[in-house]
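In my numbering, the protein residues as written are 103 to 348.
For each residue, glycine too, the CB sits at the ideal point set by N, CA and C.
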Amino acid sequence: MILQIDIGNTRVKWRFGNGPEMLERGDHPRAEIAMLLETIPTSITPAAVWVASVAGESIATELGQACQQRWGLTPWFAESSAQVLGLQNSYVEPGRMGVDRWLAMLGAWHSRRQQVAVIDAGSALTIDFVAASGQHLGGYILPGMDSMERALLSDTDRVRFGTAPRDRLEPGRSTEAAVYNGLLLSQAGAIRLALEQVSGDCELVFSGGNGALLCACLGLGGTVEVDLVLDGLLLLGAESGLGASA
Numbered sequence: 103m104i105l106q107i108d109i110g111n112t113r114v115k116w117r118f119g120n121g122p123e124m125l126e127r128g129d130h131p132r133a134e135i136a137m138l139l140e141t142i143p144t145s146i147t148p149a150a151v152w153v154a155s156v157a158g159e160s161i162a163t164e165l166g167q168a169c170q171q172r173w174g175l176t177p178w179f180a181e182s183s184a185q186v187l188g189l190q191n192s193y194v195e196p197g198r199m200g201v202d203r204w205l206a207m208l209g210a211w212h213s214r215r216q217q218v219a220v221i222d223a224g225s226a227l228t229i230d231f232v233a234a235s236g237q238h239l240g241g242y243i244l245p246g247m248d249s250m251e252r253a254l255l256s257d258t259d260r261v262r263f264g265t266a267p268r269d270r271l272e273p274g275r276s277t278e279a280a281v282y283n284g285l286l287l288s289q290a291g292a293i294r295l296a297l298e299q300v301s302g303d304c305e306l307v308f309s310g311g312n313g314a315l316l317c318a319c320l321g322l323g324g325t326v327e328v329d330l331v332l333d334g335l336l337l338l339g340a341e342s343g344l345g346a347s348a
């Protein structure tokens, strides 16, 4: 059984299992990374630890030491590459692509083999396009809704947020509604405009904390898959010949 860990910009997700059969899972703020292994039940004894991380080397070192102390295991950290399993990186320097984007694309495209738009709506909004052939067509990286909200709050003296609904696109009739609806409109509008830049139909695949909200508000169809990065991590680990012995 494999312990898979996704260390994002603001959240850390983990799941334990093998293939589609996941026995345990968790989701925590990244600020609690030092306590991560303490949140994993003592009944879990992985044969390997696979990690997708956008964090720095210090966190990788800390996690590696913790895994050695608890299980005697050295984690394997996924990296972006020029190609894997038919997915082809568009970057001149493939290793510079965020591994979270790379794995999310792998998780979304590999099971479909058709043109997809992979939309990860977390602390950043990333929109990536993959052709049916597996060629990455490029993408976009924008501030996510929560990042935009914090920036607006810190840069304005008289805009303060209340409890207006956060799932509307119509013009707001209060400051709070105008803010929340504007944030959502900016994200939905960016996705719609991005889709216009690519030829052919795309299947939309949403992930991230605001993925379901954007999927519903856009009304363009698509699916929401919360574990895209971990799904890609599982595929990459297996393709790398790690089995459960990393």
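Alpha carbons only, please: which of the options is nearest the one belonging to residue i?
i      : options                        : result
ASP108 : LEU125, ARG132, MET124         : ARG132
ARG214 : GLU181, SER288, LEU330, ILE104 : LEU330
LEU125 : VAL232, ILE104, LEU239         : ILE104
ALA206 : ALA314, ALA184, GLY321, PHE231 : PHE231
GLU327 : ALA292, ALA219, ARG294, SER160 : ALA219
ALA168 : HIS238, GLY246, ILE142         : ILE142
ARG127 : LEU337, LEU332, LEU344, LEU271 : LEU332
LEU344 : GLY158, LEU139, ALA149         : ALA149
ALA318 : ALA340, LEU271, GLY339         : LEU271
ARG198 : SER182, VAL186, THR163, LEU189 : SER182
VAL281 : VAL307, PRO196, ASP248, SER160 : ASP248
ILE146 : GLU164, CYS304, GLY119, ALA157 : GLY119
GLN289 : LEU335, VAL114, TYR242, ILE135 : TYR242
PRO177 : TYR193, VAL151, GLN299         : VAL151
HIS212 : SER342, HIS130, ALA234         : ALA234
LEU239 : GLN216, GLU278, MET250         : GLN216
THR144 : GLY302, ALA157, TRP173         : TRP173
When DSSP labels each residue in this structure, what does residue i get in the three-state scheme?
i      : result
MET103 : coil
ASN120 : strand
TYR282 : helix
ASP230 : strand
GLU126 : strand
ALA340 : helix
GLY241 : strand
SER309 : strand
THR112 : coil
VAL326 : strand
VAL300 : coil
SER347 : Any reading at SER347 must be qualified, since the residue scores a pLDDT of 41, below 50, and its modelled position is unreliable; the value itself is stated next. Note: SER347 maps to coil in three-state DSSP.
Please report the residue range of the alpha helix (DSSP H) in which residue i lies.
i      : result
ASP202 : 201-212
LEU316 : 313-320
Would you mind sorting residue i into buried or exposed? The rule is 16 or more other CB atoms within 10 Å of its CB.
i      : result
ALA348 : Residue placement at ALA348 cannot be trusted, given a pLDDT of 40 that sits under 50; the coordinates are not used to answer.
ARG203 : buried
THR228 : buried
GLY324 : buried
ALA253 : exposed
GLY321 : exposed
PRO273 : exposed
ALA296 : buried
ILE293 : buried
SER225 : buried
SER160 : exposed
GLY291 : exposed
ASP222 : buried
LEU208 : buried
VAL153 : buried
ALA210 : buried
LEU255 : exposed
ALA184 : exposed
GLN171 : exposed
GLU140 : exposed
Should residue i be counted as a contact of the ligand COA given a C-beta to heavy atom distance under 7 Å?
i      : result
LEU271 : Looking at this structure, you won't find the ligand COA or any other ligand, since it has none at all.
Kindly indicate the opening and closing residues of the beta strand (DSSP E) around residue i.
i      : result
TYR193 : Note, TYR193: premise wrong, no beta strand (DSSP E); not H, not E.
ALA219 : 218-223
Return no unless some Cβ of chain C is closer than 8 Å to the Cβ of residue i.
i      : result
GLU327 : Note that chain C does not occur in the displayed structure, where there is just one protein chain.
- request: Entirely within the stretch 135-184 and at least 3 residues each: give me those beta strand (DSSP E) ranges in chain order.
  value: 150-155
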